[in-house]
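Chains A and B, in that order, are what the protein sequence lines are.
Residues in the first sequence are numbered from 23 upward in steps of one, following my numbering.
Residues in the second sequence are numbered from 23 upward in steps of one, following my numbering.
From the three backbone atoms N, C-alpha and C, an ideal C-beta is built for every residue, glycine too.
In this text, all values refer to a predicted model and were calculated from it rather than measured experimentally.
Protein chains: 2
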Amino acid sequence: MRRCMRLVRRRGRSVPSGAVSAESPSSAKRIPEATVVRLPVYQRILAGLVRNSVTTVSSEQLATLARVNAAKVRKDLSLLGSFGTRGSGYDPAFLIAQIDRALGVDQNWSVAVVGIGNLGRALINSQGFASKGFEVRALFDVDPAVVGEELRGVTVRHMDEIPTLTAAQRPDIGVITTPGWAAQKVADTLCEVGVTSLLNFAPRVLVVPANVHLRYVDLSIELQVLGFYRARNDEADTGTASEEARVPMIRSVGLSASSDLD
Amino acid sequence: MRRCMRLVRRRGRSVPSGAVSAESPSSAKRIPEATVVRLPVYQRILAGLVRNSVTTVSSEQLATLARVNAAKVRKDLSLLGSFGTRGSGYDPAFLIAQIDRALGVDQNWSVAVVGIGNLGRALINSQGFASKGFEVRALFDVDPAVVGEELRGVTVRHMDEIPTLTAAQRPDIGVITTPGWAAQKVADTLCEVGVTSLLNFAPRVLVVPANVHLRYVDLSIELQVLGFYRARNDEADTGTASEEARVPMIRSVGLSASSDLD
DNA sequence: TCATGTGAAAACGTTCACAGCA
DNA sequence: TGCTGTGAACGTTTTCACATGA
Numbered sequence: 023m024r025r026c027m028r029l030v031r032r033r034g035r036s037v038p039s040g041a042v043s044a045e046s047p048s049s050a051k052r053i054p055e056a057t058v059v060r061l062p063v064y065q066r067i068l069a070g071l072v073r074n075s076v077t078t079v080s081s082e083q084l085a086t087l088a089r090v091n092a093a094k095v096r097k098d099l100s101l102l103g104s105f106g107t108r109g110s111g112y113d114p115a116f117l118i119a120q121i122d123r124a125l126g127v128d129q130n131w132s133v134a135v136v137g138i139g140n141l142g143r144a145l146i147n148s149q150g151f152a153s154k155g156f157e158v159r160a161l162f163d164v165d166p167a168v169v170g171e172e173l174r175g176v177t178v179r180h181m182d183e184i185p186t187l188t189a190a191q192r193p194d195i196g197v198i199t200t201p202g203w204a205a206q207k208v209a210d211t212l213c214e215v216g217v218t219s220l221l222n223f224a225p226r227v228l229v230v231p232a233n234v235h236l237r238y239v240d241l242s243i244e245l246q247v248l249g250f251y252r253a254r255n256d257e258a259d260t261g262t263a264s265e266e267a268r269v270p271m272i273r274s275v276g277l278s279a280s281s282d283l284d
Numbered sequence: 023m024r025r026c027m028r029l030v031r032r033r034g035r036s037v038p039s040g041a042v043s044a045e046s047p048s049s050a051k052r053i054p055e056a057t058v059v060r061l062p063v064y065q066r067i068l069a070g071l072v073r074n075s076v077t078t079v080s081s082e083q084l085a086t087l088a089r090v091n092a093a094k095v096r097k098d099l100s101l102l103g104s105f106g107t108r109g110s111g112y113d114p115a116f117l118i119a120q121i122d123r124a125l126g127v128d129q130n131w132s133v134a135v136v137g138i139g140n141l142g143r144a145l146i147n148s149q150g151f152a153s154k155g156f157e158v159r160a161l162f163d164v165d166p167a168v169v170g171e172e173l174r175g176v177t178v179r180h181m182d183e184i185p186t187l188t189a190a191q192r193p194d195i196g197v198i199t200t201p202g203w204a205a206q207k208v209a210d211t212l213c214e215v216g217v218t219s220l221l222n223f224a225p226r227v228l229v230v231p232a233n234v235h236l237r238y239v240d241l242s243i244e245l246q247v248l249g250f251y252r253a254r255n256d257e258a259d260t261g262t263a264s265e266e267a268r269v270p271m272i273r274s275v276g277l278s279a280s281s282d283l284d
């Protein structure tokens, strides 16, 4: 069972200690996925600060707002570069620009949504897509009642047309919002035309080529996870603590403990 | 043969005294969150096997279907107990029952959805809720055009009615599908009536009491993460490997490496 | 003085490798 | 023989603690 071992890992990760590459400032260090997931959160918070004309923010403040540990914020941000000022903090507007660059937001990705049911429609209309950097450029379904419909200026086409997409028309990101039973076929089709980033909302484990990035969003898993903790912890302390337990917003008080979950 | 039972006491948070800090009385081992998230996936796969009248499954097979490492499957399952048979494997139906129990599925949680927009409607109609163990029992919104509407047999009420819920009417899980700006207020209200499990779809970091379990589902974060990897990796290896890289569908072939990221 | 940036340590999660059992 | 269950190794992520610099 070692046939299909993936040899090509991105940049050799066993970097000798102290190997600080003195080259391009942009993608100097490897950014762990855990950090990547937090960057949009920081970004969102920073945007709020900018709207409120805040011109300086410390890692401690940012951490409080993001409900994480301050050291984590510093580590995360330091991966992008040294953008803070010792003694005072970070400039929100500048930080946003740096995070944007790291996330590739400037590239304006095109998105195709496959499966125009309730969920698909919800996503198309959601904030998430409206946000900068993402544009819904193609919609697909198989239902004759839906094909031809126009949503947000984009006409729904039949799924059979996906294979006819040219390289120029090919979306950067494919979003799968079909029923579970249809998801694998959709993924296959999208991968075949060269889509390499997929976001799957269907309750199904998908098989895709190794070069394709696949992320899952799964409502029923989230519910079941909540159910798990509900069944475990809550039975122990039901009823108590609805008063004092409220997490303090007070600055500089360590909120280290409650960072992860809760 | 376990040499020390890790009585995990770490992360002394500043919980006021009197809180029930003792370890969980119900089950033996602590189940890490990473495992909890995978359990519903296994469960779903096992259900498919049962439908196909499969009576035995090995960790290797299950791992292949779930696209994870076989050792991980065994570790995960062993946390629930020793349910396998050496030399042959696991009984899918039995395993489902065990996972169900661990997830508290037998308890039939009641769910309230707050924010009956596109997304809320999509969720209400989705498979996730239809699945066993979850029942939408209350719907809330502020829009007069929506309040009074009936969805799946449940009438939408005004959010102002949330505080009037009795303990018996209180949902086990609250789902927040409002716009971002309204989410914190909704969370506060739900927490005040004693809801201790929240699933937040609004693009906002929420502050909740320490005893409340809060999970996030955030479309724009997922898109941005995909954008990140798209911008980083893909520019490097476009064009190559579009053939050899295809993950084999062959059963029992190791897929060890490619599970997590990528 | 104050907050960043970062080695070092701790915690956590995954994978290996194999003892032990059906 | 074949597969589970699990110590131990390994890799990743978080947190600590403090040197460094504005």
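Might you give, ordered along the chain, the residues of its own chain that have their beta carbon closer than 8 Å to the beta carbon of residue i, omitting 5 neighbours on each side?
i, result
"N233/A", "T218"
"H235/B", "T218, S219 and L220"
"Q206/A", "R226, L228 and V229"
"G7/A", "The question about residue 7/A has no answer here: the residues shown for chain A are numbered 23 through 284."
"G177/B", "It should be pointed out that residue 177/B corresponds to Thr in this sequence rather than to Gly. Contacts found: L161, G170 and E171."
"S286/B", "Missing from the structure shown is residue 286/B; chain B here goes from 23 to 284 and no further."
With DSSP as the reference, label residue i as helix, strand or coil.
i, result
"E157/A", "strand"
"R1/A", "Residue numbering for chain A in the displayed model covers 23 to 284; residue 1/A lies beyond these limits and cannot be assessed."
"N222/B", "strand"
"L236/B", "strand"
"G106/A", "strand"
"R33/B", "Note on R33/B: pLDDT 32, under 50, position unreliable in the model; no value is reported."
"A204/A", "helix"
"A189/B", "coil"
"D128/A", "helix"
"R89/A", "coil"
"R96/A", "helix"
"T78/B", "coil"
"R174/B", "coil"
"R179/B", "strand"
"D163/A", "strand"
"I198/A", "strand"
"G216/B", "coil"
"V169/B", "coil"
"G111/B", "strand"
"V247/B", "helix"
Step through the CB atoms of chain A and report whether any lies within less than 8 Å of the CB of residue i.
i, result
"E244/B", "yes"
"G126/B", "yes"
"P185/B", "no"
"V208/B", "no"
"R73/B", "no"
"L20/B", "Shown here, chain B extends from 23 to 284; a query on residue 20/B therefore has no answer."
"A56/B", "no"
"G249/B", "yes"
"H180/B", "no"
"V59/B", "yes"
Quick one: residues in its chain with C-beta nearer than 6 Å to the C-beta of residue i, no 5 flanking neighbours on either side, listed in chain order?
i, result
"G202/A", "A224, P225 and R226"
"R179/B", "F162"
"G142/B", "V135 and T199"
"G196/B", "A134, L212, V217 and L220"
"L68/A", "P114, L117 and I118"
Say whether chain B places a C-beta atom closer than 8 Å to the C-beta of residue i.
i, result
"Q129/A", "yes"
"P62/A", "yes"
"I138/A", "no"
"G170/A", "no"
"F162/A", "no"
"A134/A", "no"
"A253/A", "yes"
"R89/A", "yes"
"R66/A", "yes"
"V239/A", "yes"
"T211/A", "no"
Note down, in chain order, each residue of its chain lying with its Cβ closer than 7 Å to the Cβ of residue i, except the 5 sequence neighbours on either side.
i, result
"F156/B", "W131 and V133"
"I184/A", "F162, T211, L212 and V215"
"V127/A", "K154 and G155"
Chain A contacts made by the region 143-160 of chain B, where a contact means CB separation under 8 Å: Per Cβ criterion, the list reads R143, A144, L145, N147, S148, Q149, G150, F151, S153, G155 and F156.
Of all the residues that make up the region 188-205 of chain A, which are near chain B by a beta-carbon distance shorter than 8 Å? Contact residues of the region 188-205 of chain A toward chain B are D194, I195, P201 and G202 (C-beta to C-beta distance below 8 Å).
Chain-ordered residues of the region 96-123 of chain B with a beta carbon less than 7 Å from chain A: Within the region 96-123 of chain B, no residue qualifies.
Near-chain A residues of the region 215-226 of chain B (beta-carbon distance less than 7 Å), N- to C-terminal order: Listed by position, the residues of the region 215-226 of chain B near chain A (Cβ gap below 7 Å) are G216, T218, S219, L221 and P225.
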